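Student:
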Amino acid sequence: MLRDDLRTLWTEPRPPDAPARVRRDWVLLAAGLAGVALEAALREDVVWRPVAVLFAVWLCVLPLWRRTRPLATVALAFGSVILLQAASLVAEPSEPVGLNTGAIVLVLVYALPRWGSGREIVLGGAMTLAAFSLCAVTDDVPAAEQVVGLVFLLLPGAIGAAVRFWLTARARQLEQVRSREREQLARELHDTVAHHVSAMVIISQAGRVLAATDPSAAVEALEGVEEEGARTLEEMRAMVAALRDRGVGAELSPPAGVADLERLVRTPGGRLRVDLGIDGELDALPPAVDAAVYRIVQESVTNALRHAVDATELVVRVAAERHTVRVSVRDDGRRTGRGRDGYGITGLRERATLLGGTLRAGPGTDQGWHVEAELPRARSESVVHSRPRR
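For the sequence shown, our numbering gives the first residue as 1234, with consecutive numbering after it.
What follows is the structure in structure tokens.
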């Protein structure tokens, strides 16, 4: 078991999309260099002042590459510590060489498990422990202080590993939410296509009966429609079956849509007064868009009931335009927490993107929480695909 865990750690890849440099990196560099300058100017007991200053500046510069080159920065930093400690053993100065500003190296200890691959974490951790062990052996420091120093050195690495684990788990959950939303959309599309294709098969079968006295070409065309429709229906069912988890069944019932919004907002038990406004021609929406409108309003109402503090009213507006459908849900309450999108909002954004639309969610300019979505609707003009005449 332990061997498998070590093998898994060794083969762990780097986290994706590591930023090269951000603004806080330059702030960190400026703060580090300012600390070096102040300490070098104000401290009188600095041993080997030029060497100590250059070494501290070197440690301040290395964090600029801590995300893209975590192992290299750790190796250079703690390799320099080892060389400096070895030089101290030869020259035997009266005090340890270095500035307190060199504690910036802890940023590299944090970055190693946060951004490094598994083998980089192992190799960089070995280099860090080697440098600490050399300092512990050569410096005349009590054992208790050495233990405290080791904990202080390893704590940023533990924090970096915890942050990485938490972000990885959240990314995995978000991907599961997106997958479930795609599966649900696929089911709804399956229901719609299955209905129309079934109708096509029935019509083609009736056409074969009625076309008994017509030219044989008509019968062949109807047979082709029937065959193609049956094949399409079979392939669609196979595709959706592959999308579903095995052992999880689902009834192919018609999804709720705009027509069900009145029932949704009148559900008993709600503590908010819901002002629902529907404007425009919404009877001929594509089923996928119709269901998406309902899901956006449903999730927004649920979130308002759960998270809107001191809210009294929820305003829901659904407006149909020529080419788009706009959905707006706003409450007048206060929101607690940091305002990060929940998994429900993530799923709705994924659905809107799959349909070619957009969805935005966030705090309002004055109060409350706003959800704004724009979805494309069916074209108003008919597109006729004519087959070439023989």
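Glycine is no exception: its CB is placed at the ideal position from the N, C-alpha and C atoms.
All of these numbers come straight from a predicted model, not from anything done at the bench.
Taking only three categories from DSSP, how would you classify A1270?
Tutor: A1270: helix per DSSP, three-state reduction.
Student: Report the three-state DSSP secondary structure of H1603 (helix, strand or coil).
Tutor: The answer is strand: DSSP assigns H1603 an E or B state.
Student: Do the CB positions of L1494 and V1530 come within less than 8 angstroms of each other?
Tutor: It is a contact, given that the beta carbons lie within the stated cut-off.
Student: Where Q1318 and L1304 are concerned, what is the direct C-alpha to C-alpha distance, given to the nearest angstrom?
Tutor: Going by the C-alpha atoms only, they are around 21 angstroms apart.
Student: To the nearest angstrom, report how far apart T1334 and E1408 are at their CA atoms.
Tutor: Rounded to whole angstroms, T1334 to E1408 spans 42 angstroms at the Cα level.
Student: Using a 10 Å radius around the Cβ and a threshold of 16 neighbouring Cβ atoms, would you call L1581 buried or exposed?
Tutor: Classification of L1581: buried, given that the 10 Å Cβ count is 16 or more.
Student: Assuming L1341 contacts L1387 under a Cβ cut-off of 8 angstroms, what Cβ separation, rounded to an integer in Å, is found between them?
Tutor: About 13 angstroms separates the two Cβ atoms, so there is no contact after all.
Student: Are the beta-carbon atoms of V1548 and V1526 separated by less than 8 angstroms?
Tutor: Cβ atoms of V1548 and V1526: not closer than 8 angstroms.
Student: Taking the DSSP output, what are the residues bridged to V1551?
Tutor: BP columns for V1551 point to I1511 and V1560.
Student: Measuring alpha carbon to alpha carbon, tell me which of G1589, V1314 and A1359 ends up nearest H1556.
Tutor: Checked all of G1589, V1314 and A1359; the closest Cα to H1556 is G1589.
Student: Nearest-angstrom Cα distance between R1347 and R1567?
Tutor: Spanning the two alpha carbons is a distance of roughly 34 angstroms.
Student: Quick one: Cα of L1309 to Cα of G1382, how far?
Tutor: Distance between the alpha carbons of L1309 and G1382: 21 angstroms.
Student: For the beta strand (DSSP E) that contains R1593, what are its first and last residues?
Tutor: Residues T1591 to P1596.
Student: Between the C-alpha atoms of L1239 and A1402, what's the straight-line distance to the nearest angstrom?
Tutor: Going by the C-alpha atoms only, they are around 20 angstroms apart.
Student: Is D1599 near A1553, with beta carbons less than 8 angstroms apart?
Tutor: No, Cβ-Cβ distance for D1599 and A1553 is not below 8 angstroms.
Student: How far does the alpha helix (DSSP H) with E1353 in it reach, from first residue to last?
Tutor: It spans G1351 to T1371 - the alpha helix (DSSP H) in which E1353 sits, taken as one unbroken run.
Student: Going along the chain, which residues of its own chain have a beta-carbon closer than 7 angstroms to the beta-carbon of F1311, five neighbours each way excluded?
Tutor: Result list for F1311: M1360, T1361 and A1364, in chain order.
Student: Counting C-beta neighbours from all protein chains within 10 Å, is the total for V1279 16 or more, i.e. buried, or is it exposed?
Tutor: Buried.
Student: Can you name, in chain order, every residue of its own chain whose Cβ lies under 7 angstroms from the Cβ of L1367, other than the five neighbours on each side?
Tutor: I1315 and Q1318, listed in sequence order.
Student: With respect to the alpha helix (DSSP H) encompassing P1303, which residues constitute its N-terminal and C-terminal limits?
Tutor: First-last of the alpha helix (DSSP H) with P1303: P1303 to A1324.
Student: Please report the Cβ distance between G1357 and V1430, rounded to the nearest whole angstrom; I am assuming they are in contact, meaning their Cβ atoms lie under 8 angstroms.
Tutor: No, G1357 and V1430 are not in contact; Cβ-Cβ is about 58 angstroms, not under 8 angstroms.
Student: For L1518, which of helix, strand or coil comes out of DSSP?
Tutor: DSSP places L1518 in coil when its eight states are reduced to three.
Student: Based on DSSP bridge pairs, tell me the residues matched to R1411.
Tutor: None; R1411 has no bridge partner.
Student: Whole angstroms is fine: what's the gap from A1377's alpha carbon to V1384's?
Tutor: If I take the Cα positions, the gap works out to 11 angstroms.
Student: Name the residue from H1603, W1399 and V1269 whose alpha carbon lies nearest to the alpha carbon of I1337.
Tutor: Per the Cα distances, V1269.
Student: Return the residue from the list L1271, F1288 and V1355 that minimises the CA-CA distance to L1242.
Tutor: Among L1271, F1288 and V1355, the Cα nearest to that of L1242 belongs to V1355.
Student: Just mark A1253 as buried or exposed, buried being the case when its beta carbon has 16 or more other beta carbons within 10 Å.
Tutor: The residue is exposed, with fewer than 16 neighbouring Cβ atoms inside 10 Å.
Student: Could you check what DSSP says for V1526 in three-state terms: helix, strand or coil?
Tutor: It is helical.
Student: What are the boundary residues of the alpha helix (DSSP H) that V1290 is part of?
Tutor: That run of the alpha helix (DSSP H) goes R1282 to V1294.
Student: Tell me, please, which residues DSSP counts as bridged to V1542.
Tutor: V1542 pairs with R1567.
Student: For I1435, does the count of other Cβ atoms within 10 angstroms reach 16, so buried, or fall short, so exposed?
Tutor: With fewer than 16 other Cβ atoms within 10 Å, it is exposed.
Student: Where does A1594 land, buried or exposed, given buried means 16+ other C-beta within 10 angstroms?
Tutor: With 16 or more other Cβ atoms within 10 Å, it is buried.
Student: Comparing alpha-carbon positions, which option in S1533, P1609, A1264 and R1247 lies nearest P1520?
Tutor: Nearest C-alpha to P1520: P1609.
Student: Given a cut-off of 8 angstroms on the beta-carbon distance, is the pair L1509 and V1491 in contact?
Tutor: It is not a contact, given that the beta carbons lie outside the stated cut-off.
Student: So what does DSSP say about P1246, is it helix, strand or coil?
Tutor: Coil at P1246, not helix or strand.
Student: Could you pull the start and end residues of the alpha helix (DSSP H) that E1277 belongs to?
Tutor: Here E1277 belongs to no alpha helix (DSSP H), and DSSP marks it neither H nor E.
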